[in-house]
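Asker: Residue numbers (the numbering used here), protein chains in the order written: chain A, 322 to 871; chain B, 1179 to 1392; chain C, 144 to 456.
Using N, Cα and C, we set each Cβ at its ideal position, and we do this for glycine too.
These numbers come from a predicted model, not from an experiment.
One structure, as structure tokens, below. Some questions next.
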Amino acid sequence: MSTSVFKPGERQLSDPGSGPTENYLNAGFSAKSWLLTVDHKRIAILYLISLTFFFLIGGLFALLIRLELLTPAGDLMQSETYNKMFTMHGIIMVFFFLIPAVPAVFGNFLIPLMIGAKDLAFPRLNLLSWYLYIGGGLLAILAIAFGGVDTGWTFYTPYSSTYSNSNVILAALGAFIAGFSSILTGLNFIVTIHKMRAPGMTWFRLPLMVWGHYATSIIQILGTPVVAITIVLVALERLFSIGIFNPKLGGDPILFQHLFWFYSHPAVYIMILPSMGVMSEVITCFSRKKIFGYDFIAFSSLAIAVLGFLVWGHHMYTSGQSIYTSMVFSILTFLVAIPSAIKVFNWTATLYKGSVSYSAPMLYAIGFLGLFTIGGLTGVFLATLAVDVHVHDTYFVVAHFHYIMVGGAIMGYMAALHFWWPKMTGRLYPEGWARFSALVIFVGFHLTFFPQFIVGYMGMPRRYHVYPEEFQILNVFSTAGATILGIGYLIPLVYFLWSLKYGPRSSANPWNAKGLEWEQAGSPPETFNFRDTPVVMEGAYEYEPKIWLK
Amino acid sequence: MANHHHALQHHFEDLEQQFESASLGMWAFLITEILFFGGLFAGYLVYRSLYPEAFAVGSYKLDVLLGGVNTVVLICSSLTMALAVYWAHKGERTKIVVFLFLTIVLGAAFLGIKAVEYTHKFHAGLAPGNAFSYDGPFADQVRIFYSFYFSMTGMHALHMVIGIGLLTYLIIRARQGAYTAEYSTPVEMIGLYWHFVDIVWIYLFPLLYLIGRS
Amino acid sequence: MDKDFVLWPEQASTLASRVDNIYLFLVAVSVFFTALIFFLIYLFAVKYRRKSEDDVPKEISGLLQLELVWSIIPLILVLIVFVWGATIYFDSYTPPADAMEIYVVGKQWMWHIQHPTGEREINELHVPTGQAVKLTMTSEDVIHSFYVPAFRTKKDVVPGRYSTMWFKAIKPGEYHLFCAEYCGTKHSEMIGKVVVMTPADYQNWLAGGPASEPMEVTGEKKFQQLACHTCHTDKPNARGPSLVGVFGESVLLKGGRSVIADEDYIRESILNPKAKITAGYQPVMPTFKGQISEVGLLQITAYLKSLAKEGNQ
């Protein structure tokens, strides 16, 4: 096997993207060649399709929730139905869309390409992860088909373990199995990043996308098993009433909250860290500049992953935990704000004296910056003990986490989709429509969720099917915004599908971006990614050619 | 440059990289497992500090002799497993199979003794959940102790069953001559798993059986 | 109720303005940083927009001083906010000694409230202005949360234990009472109102309702009905310890530990008497689980509290 030296600043002359070259997409067309594939790129495509399916289902529930909340009275559906709507919206979106989203599609597709490997370390395990995800998803769908679940996605005991009459076990089992998919994906990434880097690809030459996924993977393997065993205990409680979470038998329902949030708060960082990785890639490419403060961005990802495990108690300020416990969790939560702020400032500074282009991925990235800044700052409100006591379990919290999860994580997902779509499919999408949809999403998002901060501070509790009349006007804004947001998400679905058949073919590097996946692999890449194992001679994002190489 | 051993997978450069990846992967998996059991251990410790007397009563009703014998059985199985790995490194097919088989026998013995213990507990009304019918002092809290006892030992036993399944697979492959001096990664990895499951028991035994007997 | 378009909740307790102040401070800080980031992005995006496809800007790797500035300034800000918020939190969850006690039991899907003077209310709570009110709360089934937005305070109501919250109302009026913790099908109908009255109106309200007996009297009757008094007497050879003057004091337990006799301890001792045995007594008390409701438990607690006052006099 020979190796080729990767010369920085040199544009590739041959264009593997055009012409009838063999690539991972045309390597086989049978259903078997897809369903039994061990190619990380094909598995990423499988995830992309299945995630889109779950996103649409979760979105449909969101739409029904917003329609119901158009009026204060419960006129569209029964309380029982409404409760199932928000529960299924939460379960589908959290466990089957947000947690896997960026890692399973873009991490899967790009990590081997970015580090110069032929595949992930455990390709068959990767395929197993997808099947586990699908298995878990099917159980969740079954739970809906058999009448739904009404516990809220948080499964709080003793309601979930003793009182609810819905399909808690099925849905919990679905989340449990999807959890293993998440663990195995994280494990695969960790080993791949440690052991499969190409010659010369040192840790501090890694694209920050890889760092983001590395931090995410640590959370996945450390946090997910805890929620898994907790879910098992809830199921056992329902089946046999073992008493651990049942206060009537001496159990402690609050213990569930501790165990649940020990995972589920870090889970938020599972959603956002990979999107932060995407930001570093997109912003550097479209300002054609090295990232500002590489080390700080890399280490702030790790800091977020570590601190993320020490802040779960901030979900429990009103639960009756001791005042001093709350204070410790409060200050640790404030500390998480610092690495997040560092990232935002560094991304902004990267634009300084750059060559900024407003291509669609960049518009999504700028949208991310705007929305994540607001989401992060409102997180500081919630870390503040006195303020959180008032707004805990109100729409203020709902607005905050949608700014992080939708405004942050999904904006990052959309940026990634637009950025790497030519790489993944070899096709270009209509740029004008893409910019338009970025704008529609940005506007629709604010209109949906900003009013919820206000109505939350006024005291409207979350998970309310009927609500007092003085909250109506803000809720009407929110529903109107949700409609726009929904359209904003449907437009890309149309033009992406369109581009698969009619989109112009992409060159290997349509953005003139840096990185092995752009400079050393075709669009789409061939099955084993690189013809020759790349040798890396320089750090990430070296957009300015070095004088000594000229 | 790469020696194309038949066990080398296409995406690795050489067997060493493949072995290191498998090894790191197994360790990462074991860390996940520690956290998995960790949730149960944390819950157990919380309740033990809430209800120390009741947990002492519950613990006192466990059979230390059977638990102790099982501890010895598992430690022996770790030894046979280690020997299987040792002979795998040497590539001695017959000895690998013999020691893997001994490990399975010891694992099965552990599960058999565990089944006897479970039966005794069920007859004494110390069954988990709704079947619980013990009526002494601290009945509710003793019930929680037994919920933990059955959850933790049950989860451990499930890991043993999976381990025995994996060992069976290893025996089949070893008989086919899959493991040689150059390549014995699966034996080594499953060995790590088996030792981990043993270590979990080393913690469970004092925590459940001995803690009430000060 | 006011149906006009409002964007701010009423400030009806002493806590409200304190919470609003820190909230407004945070809003100001957030607006500043959001505006700063948006402005910088706008400025850079316009000023440094790509002019030609061959643009290659100069490389800037980072600047340590700048990193320190934007780490340390936010750090100082959040530390200030932490101390400020924690102080208010501490005060808001530490009831003053002279607080009037009211008892709350939540269940799917209603609030049951009893005043020490015996008045019972469902989904309504009448309180006077200028008087600290401490709520002692528990739940009969799942976790609920007692939330009065106009007071800026809430507390989860957890089955199997007592939680407390307190407030001092300052402005007469009717305010929302919400259950804030999702509790099942009719969660959004587990609402009510808090009626804040001037002290004079409150006295009239107390006098105006049907005659009711004080909680401690009801509690004493329950104490007799359940025959608690046959063992818990002052006599020297009584099978159970005397309960006069016990509430709020430290109790020495068998085995040498001691415990403060608070609401949770009394609850546990009635429902699970063998859990903590008072030193010098035998574990002979049967459990009263299933024979007494959460409300009954609170009434007996109120009775024991009254005994404690007698004992201290």
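Quick one: is T1297/B near chain A, going by C-beta distance under 9 angstroms?
Answerer: Here residue 1297/B refers to the residue found at position 119 of the second sequence. No, T1297/B lies away from the interface with chain A (no Cβ there is under 9 angstroms from its Cβ).
Asker: How far does the alpha helix (DSSP H) with H1298/B in it reach, from first residue to last?
Answerer: Taking the first residue of the second sequence as position 1, residue 1298/B is located at position 120. Taken as a continuous stretch (DSSP letters only), the alpha helix (DSSP H) holding H1298/B covers 1271 to 1301.
Asker: Round the Cβ separation of F1214/B and A549/A to the nearest angstrom and send it over; I've been treating them as touching at under 8 angstroms.
Answerer: As a first step, residue 1214/B is located in the second sequence; it is residue number 36 there, counting from the start. As a first step, residue 549/A is located in the first sequence; it is residue number 228 there, counting from the start. Going by Cβ atoms, the distance from F1214/B to A549/A rounds to 6 angstroms, so yes, they are a contact pair.
Asker: Compare the C-beta of P302/C against all C-beta atoms of chain B and say whether one is closer than 9 angstroms.
Answerer: Here residue 302/C is taken as the residue at index 159 of the third sequence, counted from 1. Judged by the 9 angstroms Cβ criterion, P302/C is not in contact with chain B.
Asker: Check whether chain C comes within 9 angstroms of V710/A, counting only Cβ atoms and requiring the distance to be less than that.
Answerer: For the purposes of this step, residue 710/A is identified with residue 389 of the first sequence, where counting begins at 1. Yes - at least one Cβ of chain C is within 9 angstroms of the one on V710/A.
Asker: State the CB to CB distance for the pair S885/A and P743/A, rounded to an integer number of angstroms; the pair is presumed to be in contact (CB under 8 angstroms).
Answerer: A question about residue 885/A goes unanswered here, because the residues of chain A that appear run from 322 up to 871.
Asker: Chain A beta carbons: is any one of them nearer than 9 angstroms to that of S151/C?
Answerer: In the third sequence, residue 151/C corresponds to position 8, counting from 1. Residue 151/C is actually Trp in this sequence, not Ser. Yes - at least one Cβ of chain A is within 9 angstroms of the one on W151/C.
Asker: Who pairs with Y246/C in a beta bridge, going by DSSP?
Answerer: For the purposes of this step, residue 246/C is taken as the residue at position 103 of the third sequence. Beta-bridge pairing links Y246/C to Q257/C, T279/C.
Asker: Going along chain A in order, which residues have a C-beta closer than 7 angstroms to the C-beta of M214/C?
Answerer: Your numbering for residue 214/C matches position 71 in the third sequence. According to the sequence shown, residue 214/C is Ser rather than Met. Correct list: I659, I663.
Asker: For G468/A, I'd like the list of residues in its chain whose CB is within less than 7 angstroms of its CB, leaving aside the five on either flank, ordered along the chain.
Answerer: Position 147 of the first sequence, counting from 1, holds the residue named residue 468/A. Same-chain partners within the cutoff: S487, N488.
Asker: Over what stretch of residues does the beta strand (DSSP E) that includes M340/C continue unbroken?
Answerer: For the purposes of this step, residue 340/C is taken as residue 197 along the third sequence, with counting starting at 1. Start and end: 335 to 340.
Asker: Could you compute how far the alpha carbon of A556/A sits from the alpha carbon of A493/A?
Answerer: Residue mapping note: residue 556/A aligns to position 235 of the first sequence, counting from 1. Residue mapping note: residue 493/A aligns to position 172 of the first sequence, counting from 1. Each residue's alpha carbon lies about 8 angstroms from the other.
Asker: Whose Cβ in chain C lies nearer than 9 angstroms to the Cβ of S647/A?
Answerer: For the purposes of this step, residue 647/A is taken as the residue at position 326 of the first sequence. Correct list: A229, Y232, Y236.
Asker: In chain B, what lies closer than 9 angstroms to D616/A by C-beta?
Answerer: Looking up residue 616/A in the first sequence gives position 295. Going along chain B, no residue has its Cβ under 9 angstroms from D616/A, so there is no contact; the nearest lies around 24 angstroms.
Asker: Please classify D360/A: is it buried, with 16 or more other beta-carbons within 10 angstroms of its beta-carbon, or exposed?
Answerer: Within the first sequence, residue 360/A is the residue found at index 39, counting from 1. Looking at its Cβ environment, which holds 16 or more other Cβ atoms inside 10 Å, D360/A is buried.
Asker: Taking Y1229/B as the reference, give the member of K1292/B, A1317/B, W1205/B with the closest Cα.
Answerer: One-based indexing of the second sequence puts residue 1229/B at position 51. Answer by Cα proximity: A1317/B.
Asker: Looking at C-beta atoms only, is the number of pairs between the segment 735 to 755 of chain A and the segment 842 to 856 of chain A that lie closer than 8 angstroms three or more?
Answerer: The answer is yes - the segment 842 to 856 of chain A touches the segment 735 to 755 of chain A, with three or more Cβ pairs under 8 angstroms.
Asker: I want to see whether chain F comes within less than 9 angstroms of Y166/C, judged by CB atoms only; does it?
Answerer: In summary, chain F is missing from the structure at hand, where the protein chains are A, B and C.
Asker: Is V787/A helix, strand or coil when you go by DSSP?
Answerer: Stepping through the first sequence from its first residue, residue 787/A is reached at position 466. Three-state DSSP puts V787/A in coil, outside helix and strand.
Asker: Please return the same chain residues whose Cβ sits closer than 8 angstroms to the Cβ of P433/A, not counting the five positions on each side in sequence.
Answerer: Stepping through the first sequence from its first residue, residue 433/A is reached at position 112. Closer than 8 angstroms at the Cβ level, and outside the excluded window around P433/A, lie H361, K439, D440, L441, T513, M517, N850.
Asker: In the DSSP assignment, what are the bridge partners of R826/A?
Answerer: One-based indexing of the first sequence puts residue 826/A at position 505. For R826/A, which the question treats as bridged, DSSP gives the partners R748/A.
Asker: Given that P1364/B touches chain C, what residues does it touch there, using C-beta distances under 9 angstroms?
Answerer: For the purposes of this step, residue 1364/B is identified with residue 186 of the second sequence, where counting begins at 1. Residues of chain C passing the Cβ test: none, with the nearest at roughly 46 angstroms.
Asker: Can you list the residues of chain A that R1321/B reaches, using a CB-CB cut of under 7 angstroms?
Answerer: On the second sequence, residue 1321/B is found 143 positions in, with the first residue counted as 1. G564, L570, listed in chain order.
Asker: I'd like to check one pair, T328/C with F310/C: are the Cβ atoms closer than 9 angstroms?
Answerer: The residue labelled residue 310/C in the question sits at position 167 within the third sequence. The residue labelled residue 328/C in the question sits at position 185 within the third sequence. Their beta carbons are not under 9 angstroms apart, which means F310/C does not touch T328/C by this criterion.
Asker: Classify P660/A as buried or exposed, calling it buried when 16 or more other Cβ atoms lie within 10 Å of its own Cβ.
Answerer: Translated into positions along the first sequence, residue 660/A becomes position 339. So P660/A ends up on the buried side.
Asker: Strictly below 8 angstroms CB to CB, what residues from chain A border D198/C?
Answerer: On the third sequence, residue 198/C is found 55 positions in, with the first residue counted as 1. Here the neighbours are R609, S676.
Asker: Compare the C-beta of P429/C against all C-beta atoms of chain B and say whether one is closer than 9 angstroms.
Answerer: The residue labelled residue 429/C in the question sits at position 286 within the third sequence. False, the Cβ-Cβ gap to chain B never drops below 9 angstroms.
Asker: Below 7 angstroms on C-beta distance, what does A1206/B contact in chain A?
Answerer: Counting from 1 along the second sequence, the entry for residue 1206/B is found at position 28. The answer, in chain order, is L508, I511, V512, I542.
Asker: Give the C-beta separation of T671/A and S608/A to the nearest angstrom, bearing in mind that I take them to be a contact with Cβ-Cβ under 8 angstroms.
Answerer: What you label residue 671/A is simply residue 350 of the first sequence in a count that begins at 1. What you label residue 608/A is simply residue 287 of the first sequence in a count that begins at 1. About 6 angstroms separates the two Cβ atoms, so the contact holds.
Asker: Under 9 angstroms between C-beta atoms, does D1313/B make it to chain C?
Answerer: To locate residue 1313/B, count along the second sequence from 1; it is residue 135. No, because no Cβ of chain C sits closer than 9 angstroms to the Cβ of D1313/B.
Asker: Name the DSSP bridge partner or partners of I403/C?
Answerer: Within the third sequence, numbered from 1, the residue matching residue 403/C stands at position 260. Partner(s): S393/C.
Asker: Could you work out which residue in S585/A, P789/A, F774/A, W754/A is closest to T392/A when comparing CA atoms only?
Answerer: For the purposes of this step, residue 392/A is taken as the residue at position 71 of the first sequence. Of the candidates S585/A, P789/A, F774/A, W754/A, the one whose C-alpha sits nearest the C-alpha of T392/A is P789/A.
Asker: Expressed to the nearest angstrom, what Euclidean distance is found between the alpha-carbon atoms of R756/A and S678/A?
Answerer: Here residue 756/A corresponds to residue number 435 of the first sequence, with the count starting at 1. Here residue 678/A corresponds to residue number 357 of the first sequence, with the count starting at 1. Whole-angstrom Cα-Cα distance: 12 angstroms.
Asker: Check T307/C in the structure and name its three-state DSSP category.
Answerer: The residue labelled residue 307/C in the question sits at position 164 within the third sequence. Three-state DSSP puts T307/C in a strand.
Asker: Looking at the structure shown, is C326/C part of a helix, part of a strand, or coil, going by DSSP?
Answerer: Residue 326/C sits at position 183 when you count from the first residue of the third sequence. It is coil, neither helix nor strand.
Asker: Does the beta-carbon of R783/A have 16 or more other beta-carbons within 10 angstroms, so that it is buried, or is it exposed?
Answerer: Position 462 of the first sequence, counting from 1, holds the residue named residue 783/A. Under this definition R783/A is a buried residue.
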